[in-house]
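Colleague: Sharing a structure, written as structure tokens. Questions coming.
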Amino acid sequence: MPVLTVSPSDDVASIVPRKGSRSRPIFDPPIVKRAVTDALVKLNPRTMMKNPVMFVVEAGAVMTTILTVRDLASGAGVAGFTFQISLWLWFTVLFANFAEAMAEGRGKAQADTLRKTKTETSARRVNGGRTEMVAAALLRSGDTVMVQAGETIPGDGDVIEGIASVDESAITGESAPVIRESGGDRSAVTGGTKVLSDWIKVRITSNPGETFLDRMIALVEGAQRQKTPNEIALNIVIAGLTLVFLLAVVTLQPLAIYSVASSGTGTAPTVTVLISLLVCLIPTTIGGLLSAIGIAGMDRVMQHNVLAMSGKAVEAAGDVNTLLLDKTGTITLGDRQAVEFLPLEGVSEQDLADAAQLSSLADETPEGRSIVVLAKQKYNIRGREVAEHEAHFIPFTAQTRMSGVDLDGRCIRKGATDSVTEFVREHGGQVPAQLTEITDRISRFGGTPLVVADRDRALGVVHLKDVVKGGMRERFQQLRDMGIRTIMITGDNPLTAASIAAEAGVDDFLAQATPKDKMDLIKKEQAGGRLVAMTGDGTNDAPALAQADVGLAMNTGTMAAKEAGNMVDLDSNPTKLIEVVAIGKQLLMTRGALTTFSIANDIAKYFAILPAMFMATYPALAKLNIMGLHSAQSAVLASVIFNALIIIVLIPLALRGVKYRPMSAAALLRRNLLVYGVGGVIAPFPGIWLIDHLLGLLHLA
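Just add 69 to wherever you are in the sequence shown, counting from 1, and you've got the working numbering.
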């Protein structure tokens, strides 16, 4: 087995991944350049028809362009006004296309890098006792490849031999390398990542077209056209509003003609003004940003190194009501840790800690290492050099269920209660009743007792327990504030499960859980109308992952688990599901906030365009001109310009998402209505007023 080489200058910061390294600036120049081109390409009517709101705006832009040509040819005095309206309608369409292209561009940039990696990779395939160089595309599931320092891993697989430092930045965006080795939970590797040091032998687990790279490229390229159920429903709503406003505007023309004929004053609004009114009243803001919001939401999930198989999965995460979490490795650290030394009468804690540490110096298990650390931290007892004392270490075995050391005439043992007590009796000692009381108490509260003895004398007990990760109680409280119920899943007995659940602060627990128990629990929650999310990494988790509305599989897990889930966490961090839920809620909140703003800011346009259209015929309508706009033309033009510019202003918000804070649905609704509802009503008034005055100063209307 090779040994991973680490430079003496390396520190923790160079080994531990840094989050957020993958995020790009919103207006990254290469992405902006590409988005400008894509925005022009998207003007194709076949593309625009998929967005009914912006298709109506484009149709209006085409009609006003035709009217501009007609007015210029006839020498009509309104040609300049018609031209400006036409120009800003085209800008409105382009700005909406630009927003969508910006959201797509962030993923496309990554897809280009991945595709380049995929096409340029070759592999050193192991065939018997020799190796041969082949193209990565020729590898099949079951093939074995050797990858050395400086080479790219040619496909998804598992490390079967060796250990190496691997750069996964091309896939996960993390700039710091990670360790991959055979066995354990760090054996999975992804095609397209690069070995930085040492070597590994990898067994390929996927065929061409089925690799993680292929799935990610397909996901990124297909994201621009994937619409979630909520997004489709919202599209139907805003399309319906567009149809309603279209019918209303069409009926205004005969009404205006009749009113002018009856009163003998004023003029009927032109087609250009009617088109302007229609565009300003339909929900163009959300229509232009809706697709960008959905794509950006998926991109934010990917920035957290989670591969979502569809936008529907991200959206479902935002609606989750119940969260199922494995205890081991998710809520707890995953390994039992020594938390206290409990000496018997006549034995000091210092002596017990000293004996426990001596018996654990050669114990490489997490439990043994934690005993050494606890003795050092609590009693400043440091590891000793015992070779000169001719120490004989007794390794742990499943048969003896204890380990220890013989040195300087002492026979120190540490292990399961029954094994160590039998050892004491065999050497002529007696086991005090106090020992049984201590071990029973620890077991009753979900801990694990390890008895320490020196030949014929029991010294005391080391208390081992599952240590709840720091901050978990606070995180579960945040989920509770979101209205999410948390359930801990564990194979422990109910007593231990109850103890850990109370310490962690989860709402409920399922003890001694089997795969069927998990499935039954998920179905029960879903039958009650709740959406369920869960994490898993094993084949036994696959049925539950498939049944859950959001199934987050670990990248280091089995292929069955990854295929069953609708998300894969590249970091294999089970607590990541909490972040995914928050991102899903942020996506839904952003969409709702901008929809509210889009509909609310139409109110100001009534006070701008309607007085401009009918004030000459009905002078009383002048009272609606509360902004004091200069003229009918400037009022209409200012409204159209504001309608276009607000899309550009809101692009950063659509791409970053509205800042999410855990709170109840009612509090969230009140906040959105206050900020984006009231804000949407107020913001257009000063905006339109300012544009109107600038148009007057520049003599453009």
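Note that CB positions come from ideal geometry on N, CA and C, so glycine has one too.
Since the model is a prediction, treat every value here as computed from it, not as a measurement.
(1) Should residue 151 be labelled buried (16 or more other beta-carbon atoms within 10 Å of its own) or exposed?
(2) Would DSSP call residue 578 helix, strand or coil?
(3) Run through the DSSP bridge pairs and tell me what residue 196 is partnered with.
(4) Distance check for residue 256 and residue 643, CA to CA, integer angstroms please.
(5) Could you tell me the alpha carbon to alpha carbon distance between residue 567 and residue 302, rounded to whole angstroms?
(6) Quick check on the DSSP output: what are the complete beta strand (DSSP E) runs of length 3 or more inside the segment 127 to 170, in order along the chain?
(7) In three-state DSSP terms, what is residue 84?
(8) Quick check on DSSP: helix, strand or coil for residue 414?
(9) Since residue 216 contacts residue 247 with CB under 8 Å, what's their CB separation in whole angstroms?
(10) Any contact of the segment 651 to 660 with the segment 398 to 409, i.e. 3+ C-beta pairs under 8 Å?
(11) So, are the CB atoms of residue 329 and residue 686 less than 7 Å apart?
(12) Measure how close the beta-carbons of residue 552 and residue 734 come, nearest whole angstrom, since I'm counting them as under 8 Å.
(13) What beta strand (DSSP E) runs, 3 residues minimum, are completely inside the segment 520 to 556?
(14) From this set, 391, 219 and 212, which residue's C-alpha is nearest residue 274's C-alpha?
(15) Are the C-beta atoms of residue 126 and some chain B residue less than 7 Å apart?
(16) Per the contact definition of three or more C-beta pairs closer than 8 Å, is the segment 526 to 543 in contact with the segment 496 to 514?
(17) Report the option in 576, 353, 258 and 94 whose CA atom is closest to the CA atom of residue 709.
(18) To the nearest angstrom, how far is it from the Cα of residue 308 to the Cα of residue 641?
(19) Which residues in the same chain as residue 410 place their Cβ atom closer than 7 Å to its Cβ, once the five residues preceding and following it in sequence are excluded?
(20) Which of the three DSSP states, helix, strand or coil, is assigned to residue 257?
(21) Helix or strand or just coil, what does DSSP make of residue 378?
(22) If we ignore side chains and look at the alpha-carbon of each, how far apart do residue 655 and residue 760 end up?
(23) Which same chain residues, not among the five before or five after residue 545, have their C-beta less than 7 Å away from its C-beta?
(24) Shortest alpha-carbon distance to residue 634 belongs to which of 601, 220, 509 and 171?
(25) Within 10 Å of its beta-carbon, does residue 428 have 16 or more other beta-carbons around it, so buried, or fewer, so exposed?
(26) Given a cut-off of 7 Å on the beta-carbon distance, is the pair residue 711 and residue 757 in contact?
(27) By Cβ distance below 6 Å, which residues in the same chain neighbour residue 230 in space, the five residues on each side in sequence not counted?
(28) I need the straight-line Cα distance from residue 740 to residue 377, nearest angstrom please.
(29) Is it true that the segment 366 to 381 meets the segment 152 to 162, where meeting means three or more beta-carbon pairs spaced less than 8 Å apart?
(30) For a test of the three-state rule: what should DSSP assign to residue 78, helix, strand or coil?
(31) Please name the residue in 297, 116, 720 and 738 whose C-alpha comes closest to that of residue 94.
(32) Beta-carbon within less than 6 Å of residue 365's beta-carbon, same chain only, minus the 5 sequence neighbours each way: which residues are those?
(33) If we ignore side chains and look at the alpha-carbon of each, how far apart do residue 337 and residue 762 end up?
(34) To the nearest angstrom, how far is it from the Cα of residue 620 to the Cα of residue 380?
(35) Under the rule that 16 or more other beta-carbon atoms within 10 Å means buried, what is residue 292, buried or exposed?
(36) Roughly how many whole angstroms lie between the Cα atoms of residue 549 and residue 561?
Modeller: Working from what's here:
(1) Position 82 of the sequence shown holds residue 151. Flag for residue 151 reads buried.
(2) By 1-based counting over the sequence shown, the position of residue 578 is 509. Residue 578 falls in the strand class under three-state DSSP.
(3) As a working note, residue 196 is residue 127 in the sequence shown. DSSP output for residue 196 lists 199 as bridge partner(s).
(4) Mapped onto the sequence shown, residue 643 falls at position 574. Mapped onto the sequence shown, residue 256 falls at position 187. Rounded to whole angstroms, residue 643 to residue 256 spans 17 Å at the Cα level.
(5) Taking the sequence shown and counting its residues from 1, the one referred to as residue 567 is at position 498. Taking the sequence shown and counting its residues from 1, the one referred to as residue 302 is at position 233. Taking the straight line from one Cα to the other gives about 43 Å.
(6) none
(7) Within the sequence shown, numbered from 1, the residue matching residue 84 stands at position 15. Annotation note: pLDDT 25 at residue 84 (below 50); position unreliable, no value reported.
(8) Indexing the sequence shown from 1 puts residue 414 at position 345. Reduced to three states, the DSSP call for residue 414 is coil.
(9) Residue numbering aside, residue 216 sits at position 147 when the sequence shown is read from its first letter. Residue numbering aside, residue 247 sits at position 178 when the sequence shown is read from its first letter. Not really, about 15 Å apart at Cβ, beyond 8 Å.
(10) no
(11) Taking the sequence shown and counting its residues from 1, one reaches residue 329 at position 260. Taking the sequence shown and counting its residues from 1, one reaches residue 686 at position 617. Using a Cβ distance threshold of 7 Å, residue 329 and residue 686 count as a contacting pair.
(12) For the purposes of this step, residue 552 is taken as the residue at position 483 of the sequence shown. For the purposes of this step, residue 734 is taken as the residue at position 665 of the sequence shown. Between residue 552 and residue 734 a beta carbon distance of about 6 Å is seen, short of the 8 Å cut, so the two are scored as contacting.
(13) 526 to 537
(14) Numbered from 1 along the sequence shown, position 205 holds the residue referred to as residue 274. Ranking 391, 219 and 212 by Cα distance to residue 274 puts 212 first.
(15) Going by chain labels, chain B is absent from the structure shown, which holds only one protein chain.
(16) yes
(17) Position 640 of the sequence shown, counted from the first residue, corresponds to residue 709. For residue 709, the nearest C-alpha among the options comes from 353.
(18) Numbered from its first residue, the sequence shown carries residue 308 at position 239. Numbered from its first residue, the sequence shown carries residue 641 at position 572. Those two C-alpha atoms are separated by around 41 Å.
(19) Taking the sequence shown and counting its residues from 1, one reaches residue 410 at position 341. Closer than 7 Å at the Cβ level, and outside the excluded window around residue 410, lie 418, 421, 422, 425, 529 and 531.
(20) Taking the first residue of the sequence shown as 1, we reach residue 257 at position 188. Residue state, collapsed to three classes: strand.
(21) For the purposes of this step, residue 378 is taken as the residue at position 309 of the sequence shown. Correct three-state label for residue 378: coil.
(22) Counting from one through the sequence shown, the residue named residue 655 turns up at place 586. Counting from one through the sequence shown, the residue named residue 760 turns up at place 691. Cα-Cα distance, rounded: 33 Å.
(23) Translated into positions along the sequence shown, residue 545 becomes position 476. So the list reads 555, 573, 574 and 575, once near-sequence residues are dropped.
(24) Taking the first residue of the sequence shown as position 1, residue 634 is located at position 565. Ranking 601, 220, 509 and 171 by Cα distance to residue 634 puts 601 first.
(25) Here residue 428 corresponds to residue number 359 of the sequence shown, with the count starting at 1. By the 10 Å Cβ count, residue 428 comes out buried.
(26) Reading the sequence shown from its first residue, position 642 is the one you call residue 711. Reading the sequence shown from its first residue, position 688 is the one you call residue 757. Yes, these two residues count as a Cβ contact at 7 Å.
(27) Along the sequence shown, one-based indexing puts residue 230 at 161. The residues are 251 and 270.
(28) Position 671 of the sequence shown, counting from 1, holds the residue named residue 740. Position 308 of the sequence shown, counting from 1, holds the residue named residue 377. Cα to Cα, residue 740 sits roughly 29 Å from residue 377.
(29) no
(30) Against the sequence shown, residue 78 aligns to sequence position 9. Note that residue 78 scores a pLDDT of 32, beneath 50, so its modelled location is shaky; the value from the coordinates is reported in the next line. In this structure, residue 78 counts as coil in the three-state DSSP scheme.
(31) Taking the first residue of the sequence shown as 1, we reach residue 94 at position 25. Among 297, 116, 720 and 738, the Cα nearest to that of residue 94 is on 720.
(32) To locate residue 365, count along the sequence shown from 1; it is residue 296. For residue 365, where only same-chain residues beyond five positions count, the Cβ hits under 6 Å are 172 and 724.
(33) Position 268 of the sequence shown, counted from the first residue, corresponds to residue 337. Position 693 of the sequence shown, counted from the first residue, corresponds to residue 762. Looking at the two C-alpha atoms, the distance is approximately 25 Å.
(34) Your numbering for residue 620 matches position 551 in the sequence shown. Your numbering for residue 380 matches position 311 in the sequence shown. About 14 Å.
(35) By 1-based counting over the sequence shown, the position of residue 292 is 223. Reliability of the predicted coordinates at residue 292 is poor, the pLDDT of 47 falling under 50, and the value obtained from them is presented with this limitation in mind. By the neighbour-count rule (16 or more Cβ atoms within 10 Å), residue 292 is buried.
(36) For the purposes of this step, residue 549 is identified with residue 480 of the sequence shown, where counting begins at 1. For the purposes of this step, residue 561 is identified with residue 492 of the sequence shown, where counting begins at 1. The alpha-carbon atoms of residue 549 and residue 561 are separated by roughly 24 Å.
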